[in-house]
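Note that the sequence shown ends on residue 232 in the numbering used here; no numbers are left out.
Ideal Cβ placement from N, Cα and C applies to all residues, glycine included.
Bear in mind the structure is a predicted one, so any value in this text is a computation, not a measurement.
Each remark here refers to the structure printed beneath this line.
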Amino acid sequence: MRFPRRRPLSFPRRVPFSRRLSSPTSSFPTLALFALLSASSLLGCKDRGVYVDGFRYAPTDTPPPQPPEIVRVGDDVSVVVFGEAALSAKGARVSPRGTITLPLLGEVVAAGKAPQALARDLEKALAAYVTTPHVTVTIDQSPVVVTVLGEARGNGRFKLEGPVRLIEVLAQAGGLNEFADESSIYVLRGDQRIRFDYEDIIRGAPHARDFLMMSGDVVVVE
Numbered sequence: 011m012r013f014p015r016r017r018p019l020s021f022p023r024r025v026p027f028s029r030r031l032s033s034p035t036s037s038f039p040t041l042a043l044f045a046l047l048s049a050s051s052l053l054g055c056k057d058r059g060v061y062v063d064g065f066r067y068a069p070t071d072t073p074p075p076q077p078p079e080i081v082r083v084g085d086d087v088s089v090v091v092f093g094e095a096a097l098s099a100k101g102a103r104v105s106p107r108g109t110i111t112l113p114l115l116g117e118v119v120a121a122g123k124a125p126q127a128l129a130r131d132l133e134k135a136l137a138a139y140v141t142t143p144h145v146t147v148t149i150d151q152s153p154v155v156v157t158v159l160g161e162a163r164g165n166g167r168f169k170l171e172g173p174v175r176l177i178e179v180l181a182q183a184g185g186l187n188e189f190a191d192e193s194s195i196y197v198l199r200g201d202q203r204i205r206f207d208y209e210d211i212i213r214g215a216p217h218a219r220d221f222l223m224m225s226g227d228v229v230v231v232e
């Protein structure tokens, strides 16, 4: 008695990130991610972006003006009243109402003010209780939240204590996988697309080494 010949078993091969996104059998979340990436031109090969050297030094040597430091909802604020430790506060969280709670003063509006302006307001409020109060206000360092997509070993959102460099983000993501194009690592910041070469990052080339990440940055490894 003859039996029909069995077909050999076959297993699906792993394919690169960009091909997985374009597969018609992809799940809905993957298709949704592809739509998001396509709409933002995250993976477009035509736009190579600006290399980090050019981003740092072109077209002018004058750095863009930094926005003024403002206390915002969710910030942690430290208030020091000189000589009055009992009236000071470390890491006071700004509430959704924009207030912080301080000893003696209770709730005080903080959001929307520069640290120096808030300090002057607190000095005026404390003048009823303390002779010539001197107050300093600082915004505690907030964590840097960065999203990693593409051919990194671990995709997702990473929260790191600043200051944070790109190599630290890639390390948190487990490095690059075997499908990664080491010359096509991008940081997306608003409408800017900044390109890095992995070799420059790991050997400590100045522009790649010194590039600081900001909350909201997206790292795409193609």
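- Assignment of Tyr196 by DSSP, reduced to helix, strand and coil, places it in the strand class.
- With a cutoff of 9 Å on beta-carbon distance, Thr157 and Val89 are scored as not near each other.
- Counting along the chain, Leu112 sits inside no alpha helix (DSSP H); it lies in the beta strand (DSSP E) bounded by residues Thr109 to Leu112.
- For Ala102, the three-state secondary structure derived from DSSP is strand.
- In the pairwise beta carbon analysis, the stretch 184-200 is classified as touching the stretch 215-232: at least three pairs are separated by under 8 Å.
- Excluding five sequence positions before and after Ala183, the CB atoms of its chain that fall closer than 6 Å to its own CB belong to Val158, Ala162 and Gly164, given in chain order.
- Between the alpha carbons of Val228 and Ala127 lies a distance of about 33 Å.
- In the three-state scheme derived from DSSP, where H, G and I count as helix and E and B as strand, Leu176 is classed as helix.
- Between Gln151 and Ala120, the alpha-carbon positions lie close to 17 Å from each other.
- DSSP lists Leu198 as the bridge partner or partners of Arg203.
- In this chain, Leu222 is not harboured by any beta strand (DSSP E), its DSSP state being neither H nor E.
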